[in-house]
Amino acid sequence: MPTGRGAGLWPVLRRPWLAAPLCLALVLLVADRLFPLPLPGDDLARVVLAEDGTPLWRFADGDGVWRYPVSPDEVSPYYLEALLTYEDRWFYQHPGVNPLALGRAAWQNLRGGRVLSGGSTLSMQVARLLDPHARSYVGKLKQLWRTLQLEWHLSKEEILGLYLNRAPFGGTLQGVAAASWSYLGKSPANLTRAEAALLAVLPQAPSRLRPDRYPERAQAARDKVLKRLASFEVWPHAAIADALQEPVLLAPRQEPRLAPLLARRLNTPGSPPLIRTTVDAALQRRLEELLLGWRARLPERTSAAILVVEQPSMAVRAYLGSVDIGDGKRFGHVDMISALRSPGSTLKPFLYGMALDAGLIHSESLLQDVPRRYGDYRPGNFAAGFSGAVSASEALATSLNLPAVQLLEAYGPKRFAGELRSAGVPLALPPLAEPNLALILGGAGSRLEQLVGGYSAFARGGRAARLRFQPEDGLLERRLLSPGAAWIVRRILSGQARPDRDPRAQLVQRPSLAWKTGTSYGFRDAWAIGVAPRHVIGIWIGRPDGTPVPGQFGLASAAPLLLQVHDLLSNRDSQRGLGVPADPQPTAVGVAAICWPLGQPLAKADTNCRRQRFAWTLHGTTPPTLQALDQPLGLGLREPLWLSAAGLRVAANCPGAEPHELLLWPAALEPWLPRAERRSARLPASDPACPPHGTALVAPLSIVGVSQGDRLRRPAGSAEPLRLRLSALGGAGRRWWFVNGQPLGETAAEADFNHAFTRRGRYQLSVLDQSGQTARLEFSVGE
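Residues 226 to 1008, numbered by this note's numbering, are exactly what the sequence shown covers, in order.
Written as structure tokens, this is what we have:
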């Protein structure tokens, strides 16, 4: 008798009826370890889904196959009943192999002399899908082994899930969900009985039964399934009779080809097989069709982008990063929603809102649209010319550049850029560069998605928010403006800049679309961003390679597309019975009657109230007119005077002298003011009997038309001289003009002085007025 370690096994070995099962189990365990079950891994096949589950875009695996993973509880019960009844009635009872089915199939094959029935269970079919084998006895044994492994390692629900996602349905389709969306255009959860029977039978011969190619074969196979269901009384006979009468109706075959650039953006390493988004598939499809229709209207090699975001949730409902991803000539593969571009004038609404919050302006504050120079920076308006005195609301609504630069100078470029960065709208600057006044005219980089997130503040009580591309993305919002400032700016952008003629009037009609356009330097980027009742819409048009497109600007190029998208959204809301949501006036917003030039309340009969306007205000404050910081022409808006009983200007110690205050327009506005509003006309005459002390109230003299240190060039390739039109602001009486100390001419106080400079070199230009004031500057002329 054996002794030692083997002594414990001796009783078992002496009983073969115990040893055989133990050895078999040991062999199976070793075989399972040596030949593990080839469960599918991540083959990088992905489907990008709309919010309702509609496939937007697909990324196939290495074999070009795409699938839409689902679990059994996400599939119509009709399909599961049809599948199990037709393929494997005892799926939940057998251990993976049905001996009765195998025996019946073997008997039928022997009697017929050929293969008439396979007898395979669903588990066996899954085993063949995971590890294909030859149609031989060895191959059949391999399939049985893999089936036993499946049943050993996985639950019935897991095996069924593998079948639902791996069964072939013809072409590059695998899985019932991919087939349902491709053939029927619907979710597998919504299948009818007839459709369920059709999809249940297709994997038996996916190429021969493809309903898009062989509808008669497919219908015959479907009817066979329905009759099997009738024989087993799985469904009511009346329902089966109706299903048999239903023809095979297929949806137009549409591969998932929506929002490709968003799909590419979200398909990152580690992404799940189903990438869910917040996109509205119907809206995305409609806008892609709209943009394709616009392609013929766009210049050659020009692309466009559309971004639609729902305001309350910040969910992205439509994402069109280019005209067509397949259009190589238009750089369709470049996503212009995330591209860094010059924002043009689209930053101006942020500045006006911040200035309102800072107490620098109200909606009708007087700003100056006049020529200015800041060192080497000399901004101009998009349209040639200047308007002189403008209100803040008018300057914003018409996108004037000079008032915006004046406002940014007062607010501070660094402060402005910092506020935007804190709210999620960072501005990109060149290395080592600091924010400057050029920011407000597009002198920095931004992205369409960030601008849209910033513009959402005008509809969300001043809170800007980051865009949500996927349902699991949290809502991240930051304060950018106060609710009142955001509301006022939105009113201005929607064409309701002025409250009403009556300052006691209540809220006027609700705004429909508040929008702003922008054009970058050199016509490279055309923008239009709109805040609709429920959405924020962003439009960009231009060449992705940055090449200028002359004549392309926001109002002419991007605004028409914006308005078309807004009309489409409005019609959708009307069809759904959605009215315009309420837009209550914040409690901090009020209305005040103010007067120019001071910009503060005055009685209308007051002689210093030169123009009365009604303004939106914050917290009841009416800040005075904002003076430009570097214009030496101003003597101040308030000028103290002593007047006699006859209204003449006198010295303070004259008998009967009464103190008065004269409110004057900023001196830089003089050329654009009516003569009756200019300083010389507003200033009362002096009383010769008791004249005021000191010099007359005259603005300092200044030359307009050329600036100190300018380097001017004659027209390229031309022998023509450089012609300049000059004028003088301030001063009094006639002007005498000198170049390099030599007298050239004489003009009236309001007249221009025109002169042609024929030679290259440096010039000294001087002007003398009748009061004895002089102004002088130097500039140069080159080729």
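Note that beta-carbon positions come from the ideal geometry of N, C-alpha and C, so glycine has one too.
Judged by DSSP in its simplified three-state form, Trp961 adopts strand. For the region 488-532, the continuous beta strand (DSSP E) assignments of 3+ residues that do not extend past its boundaries occur at 499-501, in sequence order. Counting only runs of at least 3 residues, the region 840-907 fully encloses the following beta strand (DSSP E) elements, listed from N- to C-terminal order: 863-868, 883-888. Cβ atoms of Ile762 and His791 come within 8 Å of each other, at about 6 Å. The DSSP-derived three-state label of Asn979 is strand.
Beta-bridge analysis with DSSP links Trp291 to Leu398.
With a cutoff of 8 Å on beta-carbon distance, Thr571 and Gly743 are scored as near each other. For Gly824, no beta strand (DSSP E) encloses it, and the DSSP letter there is neither H nor E. Bridge partners of Lys741 according to DSSP: Ile754. Under the 10 Å beta carbon count, Tyr746 is surrounded by fewer than 16 other beta carbons and is classified as exposed. Selection Arg759, Leu633, Pro891, Pro769 evaluated against Ala540 yields Arg759 as nearest (Cα-Cα). In the structure shown, Phe575 adopts helical secondary structure according to DSSP, grouped into three states.
Annotated as proximal: Tyr303 and Ala421, with beta-carbon spacing under 8 Å. Excluding its 5 nearest sequence neighbours in each direction, Gly551 has C-beta neighbours in its own chain below 7 Å: Gly557, listed in chain order. Within a 10 Å sphere around the beta-carbon of Thr842 sit 16 or more other beta-carbons, which makes this residue buried. Around the beta carbon of Phe457, fewer than 16 other beta carbons sit within 10 angstroms, so the residue counts as exposed. Closest option to Phe778, judged by alpha-carbon separation, among Pro909, Pro568, Ala870: Pro568. Between Ser563 and Ser588 the beta-carbon gap is near 34 Å, outside 8 Å, which marks them as no contact. Excluding sequence positions up to five before and after Glu634, its CB lies within less than 7 Å of the CB of Leu662, Leu854, all in the same chain and listed in chain order.
The three-state reading of DSSP puts Gln967 in strand, counting E and B together. The region 867-884 and the region 893-902 do not touch, with fewer than three beta-carbon pairs separated by less than 8 Å.
Under the DSSP assignment, Ala953 falls in the beta strand (DSSP E) whose first and last residues are 947-954.
Taking a contact as a CB-CB distance under 8 Å, the pair Ala543 and Val533 counts as one, their CB atoms being some 4 Å apart. In the structure shown, Val929 adopts extended strand secondary structure according to DSSP, grouped into three states.
In the three-state DSSP reduction, Pro280 falls in the strand class (E or B). In this structure, Arg672 lies away from Ala689, with their beta-carbon atoms at least 8 Å apart.
Phe1004 is bridged by DSSP to Tyr988. Taking one beta carbon from each stretch, the region 930-941 and the region 882-898 have fewer than 3 pairs nearer than 8 Å; the two do not touch. Contact annotation: the region 784-800 does not touch the region 815-822, with fewer than three C-beta pairs closer than 8 Å. For the 8 Å CB-CB criterion, Ala285 and Thr397 form a contact. Taking the CA atoms as reference points, Gly495 sits about 34 Å from Tyr317. Pro393 is bridged by DSSP to Gln399. With a threshold of 16 other beta carbon atoms within 10 Å, Thr279 meets it and is buried. The continuous stretches of beta strand (DSSP E) do not include Ile550, and DSSP gives it neither H nor E. Checking the DSSP bridge columns, you'll see Ser563 has no partner listed.
About 6 Å separates the CB atoms of Lys573 and Ile665; that is less than 8 Å, so the two are in contact.
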